[in-house]
Amino acid sequence: MKTQKVWFITGASRGFGLEIARAALAVGDQVVATVRSQPAQLAAKEHNHPDLYVVQMDVTQENQVQEAVKQSIARFGQVDVLVNNAGFGMITAIEEATDAEVRKQYDTNVFGLLNVTRAILPYLRQQKSGRVINISSLFGYDAVPGWGLYGSTKFAIEGLSKGLALEVAPLGIHVTAVAPGLFSTDFLSAESYTAAKTIIDDYQETVGSMRSGADALHGNQPGDPKKFAAVIIQLANTERPPLHLPIGKDAIAMYQSNAAKMAQEIQAWLPVATSTDHDHRIMASTIA
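So in this note's numbering, the last spot in the sequence shown is 1255, and the numbers never skip.
Listed below in structure tokens is the structure:
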């Protein structure tokens, strides 16, 4: 018999967050859906589902996060699955982005994720169980011109997930970094991503095509968000979930390409890379 789970999903007003919330409700689970504004609007759109609790929360505001988690525990008694989904993209050459633009990107995608994770973990530790699912990206596997800054936040999520998984495994908590490819969400709509205000002409050849191509790609992405949500439901109910999970053929291809390139580079430089030990320690090891 399936045990009812309580989900805490950030960035649930649309896109992956909304589809995951709907999928969790459809299998009989309870859902806390966080939104930055207009919580009543989302609740009404979902017909005021009795197992849905919509909370207004900005992941960059730690006090709001702590209060939202407390309200959620008061409502449902526990949290079983945390989905760190809130985030946004930014098209820019690395040099073009101002300090303020970089910080805003990291405040949401990385520090916001940390705010929520820190707020939820005490409850998962207390109950000695739980799942943390961090939404990364195929851009967290390799770099693409124009998306390097955004991708770096996803590289950070991959690393944070890996470290966190080691720390909480003895406590019965599982962590997975999920890296979706391109799915037909609102991510590439003009309302969902930003672009740096500064444009440097020298980057036209590399970043320029990304600036002009994002809107054209919107709506033509290969992935189905509903199928993505179904994978997340399966992941939350898997006894031994993976630490890293690329989802989508393009995400798999990005991972495989990057792994192959890294292996080739390391092999080519292997004699140099392994030439740095102290000579006397090599000799002592040889004698022993």
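No residue lacks a Cβ here, since even glycine has one placed at the ideal position from N, Cα and C.
These figures come from a predicted structure and were not determined experimentally.
- Counting of Cβ neighbours within 10 angstroms places residue 1064 among the buried residues, the total reaching 16 or more.
- In summary, residue 1238 is exposed, with fewer than 16 beta-carbon neighbours lying within 10 Å of its beta-carbon over all protein chains present.
- Within the DSSP secondary-structure output, residue 1150 pairs in a beta bridge with 1190.
- Note that the C-beta distance between residue 1178 and residue 1113 is below 9 Å.
- If only complete runs of 4 or more residues are kept, the stretch 1009-1085 shows the alpha helix (DSSP H) at 1029-1043, 1066-1073, in order along the chain.
- In the three-state DSSP reduction, residue 1144 falls in the strand class (E or B).
- When DSSP states are grouped into helix, strand and coil, residue 1166 belongs to the coil group.
- Nearest to residue 989 by alpha-carbon distance, out of 1039, 1121, 1194, 1226, is 1194.
- Between the stretch 1219-1229 and the stretch 999-1010 there are fewer than three inter-stretch CB-CB distances shorter than 8 Å, so the stretches are not counted as touching.
- Beta-bridge pairing by DSSP links residue 1161 to 1057.
- Residue 976 and residue 991 have their alpha carbons spaced roughly 10 Å apart.
- By DSSP's assignment, residue 997 forms a beta bridge with 973.
- By the beta-carbon neighbour count (other beta carbons within 10 angstroms, threshold 16), residue 1022 is buried.
- Counting along the chain, no alpha helix (DSSP H) covers residue 1215, and no H or E run does either.
- Spatial neighbours of residue 1120 in its own chain (CB-CB distance under 7 Å, excluding positions within 5 residues in sequence) are listed in chain order as 1072, 1073, 1076, 1077.
- Here residue 1107 has 1118, 1121, 1122, 1124, 1125, 1146 as same chain residues with Cβ atoms under 7 Å from its own Cβ, once five neighbours each way along the sequence are excluded.
- Around the Cβ of residue 1227, a 10 Å sphere holds fewer than 16 other Cβ atoms; the residue is exposed.
- For residue 1097, the enclosing beta strand (DSSP E) has its first and last residue at 1097-1102.
- Rounded to whole angstroms, residue 999 and residue 1215 show a C-alpha spacing of 26 Å.
- In the structure shown, residue 1002 falls within a strand segment according to DSSP collapsed to helix, strand and coil.
- Take the alpha-carbon of residue 980 and the one of residue 1084: they are about 19 Å apart.
- Restricting attention to 1111, 986, 1245, 1205, the CA atom closest to the CA of residue 1225 is found in 1111.
- For the pair residue 1041 and residue 1001, the CB atoms are not nearer than the 9 Å cut-off.
- The Cβ atoms of residue 987 and residue 1050 lie closer than 9 Å to each other.
- Sixteen is the threshold: when 16 or more other Cβ atoms of the shown chains lie within 10 Å of the Cβ of residue 974, as they do, the residue is buried.
- Excluding residues up to 5 positions away in sequence, 1143 lie with their Cβ nearer than 7 Å to the Cβ of residue 1209 in the same chain.
- A straight-line Cα-Cα distance of about 28 Å links residue 1212 and residue 1039.
- Less than 9 Å divides the Cβ of residue 1139 from the Cβ of residue 1097.
- In the DSSP assignment, residue 1238 falls within the alpha helix (DSSP H) that extends over 1237-1240.
- Around the beta-carbon of residue 1079, 16 or more other beta-carbon atoms lie within 10 Å, marking it buried.
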